[in-house]
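Novice: First residue of the sequence shown? That's 1 in full-length UniProt numbering, and the numbers climb one at a time after it.
Sharing a structure with you now.
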Amino acid sequence: MPLLHKIAGVVVVCAVVLGLTLPGERRGRDEGKAAERAGAASSVPPTAQAAKAGVAPSAGASGTAKTGSPSAAPPAPIPAAAPAAVAAKANELGQVPVLMYHRILKKPELSLDRSTKELYDELTRLAKGGYQPITAAEFVGGRFAVPAGRHPVVLTFDDSTPGHFGLDAQGNPKPDTAVAVIEQVARENPGFRPTATFYLNKELFGMDDVQAAAGLKWLQQHGFEIGNHTVTHPNLSSMSEKAVRKEISGMEDRIARLTGTHTTTFAYPFGSVPKKEAWAERQDDAYSFQGMFLAGWRPSISPFDEDFDRWKIDRVRSEGKIKENDCKRYCSTAWLDYLDKNPDERYTSDGDPNTVTFPKAAEDRIAKEHRARARTY
């Protein structure tokens, strides 16, 4: 791992030179495409837009098309939001933090490490700040139950290292692991859901196959998600189609053999996308993902936003406001501070997973496929 961290530092410096945007500013996805493909173990520059705010519909001809035939009928009006959703100031077109963690240790050793105390403190902040964890698969699918007035957050852990999870002799999560900390915070903060998504490499938390089979099943039975992160954590952007597919299918096959199920989501190592994205998205019966996660520097836009791209979902590195890698502006502490100060930009749930509620001014942003579920106020 040390070499990966050195690579990460170099790429982050390049990202800053390319021009990162400040929190709250918007940037087109295409502007950062080259930097996105470079990737980094810790981050990829913000390549997706933050949630759009109040963009007016584009101007164009009205009444009739050039042929003189009547234009298409306008969409039906969106129904009014439920009183409880209005009272909660629901905004389900707001931004969602997808937090990215690597090693969890008592004492951090490398730049991407977080201590157990740092993890505990950040999760406690989320719990007290009204955040509710959901899995990556739930986020991608756009169906998740978050109480009215609360905010979804996706906790993702890359590389399946021992500090993430392990079982003791009694079959309980080992102390000081990420899972143990998540469950502790949930006990101390009723309503905070103990869940996260773990993106697996071949190490599988340092377990052999017998231990891993039991461990992975424990995670699934207790509401955690398992995701694919390749066998050896390579930079997929420089690899052939055959090599890309071998890395992903090899990991998927092992997960399926150990658990009897396939994964739903995938996280790119280093955030690096292959020359052709389709190579990673699906392969016959070997794997077929519903969402792909980058390594990044921005919260994700809402899964109901017309600009949401489930094949390139941004994440935010978990870190304090430190100078390194410009974390003063782009890591988790900075972004959580920003969303606290700008609550109108944050995803706030209406409490009903069957509806999508938002202020009427944002109506032009709802994706067509979700319009039937939309409610405004």
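Each residue gets a CB set at the ideal place from its N, CA and C atoms; glycine is no exception.
Computed from a prediction, not measured in an experiment: that's the story for all the values here.
1. Pull up the distance between the alpha-carbon of proline 77 and that of glycine 149, whole angstroms please.
2. Methionine 239: which of Gly351, Val273 and Tyr131 sits nearest, CA to CA?
3. Just to confirm, are leucine 155 and serine 302 a CB contact at a threshold of 7 Å?
4. On the DSSP letters alone, give me the boundaries of the beta strand (DSSP E) that isoleucine 226 sits inside.
5. Taking histidine 233 as the reference, which of Leu204, Ile104 and Lys368 has the closest Cα?
6. Can you name the start and end residues of the alpha helix (DSSP H) that arginine 329 belongs to?
7. Does the contact criterion of 3 or more C-beta pairs under 8 Å hold for the region 254–268 versus the region 331–351?
8. Count the CB pairs spanning the region 282–295 and the region 311–324 that are closer than 8 Å, and state whether there are at least three.
9. Could you tell me whether the Cβ atoms of glycine 223 and threonine 177 are closer together than 7 Å?
10. Give the single residue among Asp307, Ala88 and Phe139 whose Cα lies nearest to the Cα of serine 349.
11. For the alpha helix (DSSP H) that tyrosine 120 lies in, which residues bound it at each end?
12. Along the chain, where does the alpha helix (DSSP H) that runs through alanine 180 open and close?
13. DSSP has proline 133 in a bridge; who is on the other side?
14. Could you pull out every residue in the same chain whose Cβ sits closer than 7 Å to the Cβ of phenylalanine 144, ignoring the five residues on either side in sequence?
15. Name the DSSP beta bridge partners of arginine 346, please?
16. When the distance is taken between beta carbons, is alanine 127 closer than 7 Å to phenylalanine 192?
17. Hey, glycine 163 and isoleucine 226: beta-carbon distance below 7 Å or not?
18. Report yes or no: is there a C-beta of chain D within less than 7 Å of the C-beta of alanine 84?
19. Quick one: residues in its chain with C-beta nearer than 8 Å to the C-beta of lysine 276, no 5 flanking neighbours on either side, listed in chain order?
20. Helix, strand or coil for tryptophan 297 per DSSP?
21. Can at least three beta-carbon pairs, one atom from the region 105–115 and one from the region 355–364, be found at a separation below 8 Å?
22. Which residue or residues does DSSP assign as beta-bridge partners of methionine 100?
23. Under 7 Å between the Cβ atoms of proline 299 and valine 96?
24. Of the choices Ala82, Gln290, Ser111 and Met100, whose alpha-carbon is the least far from that of glutamate 324?
25. According to DSSP, simplified to helix, strand and coil, what is valine 146?
26. If you draw a straight line from the alpha carbon of arginine 125 to that of alanine 72, how long is it in whole angstroms?
27. For isoleucine 366, name the three-state secondary structure that DSSP assigns.
Specialist: Working from what's here:
1. Cα atoms of proline 77 and glycine 149: separation of roughly 25 Å, rounded to the nearest angstrom.
2. Val273
3. no
4. 225–228
5. Considering only alpha carbons, the answer is Leu204.
6. 327–330
7. no
8. yes
9. no
10. Considering only alpha carbons, the answer is Ala88.
11. Unbroken alpha helix (DSSP H) run through tyrosine 120: 116–128.
12. Unbroken alpha helix (DSSP H) run through alanine 180: 178–188.
13. Val153
14. Ile134, Glu138, Pro152 and Pro353
15. Answer by DSSP bridge pairing, in chain order: Gln95.
16. yes
17. no
18. Given the protein chain composition of this structure (a single chain), no chain D is represented.
19. Glu241
20. Of the three classes helix, strand and coil, the one that applies to tryptophan 297 here is strand, per DSSP.
21. no
22. Methionine 100 is bridged to Thr156 and Arg317.
23. yes
24. Ser111
25. coil
26. 49 Å
27. strand
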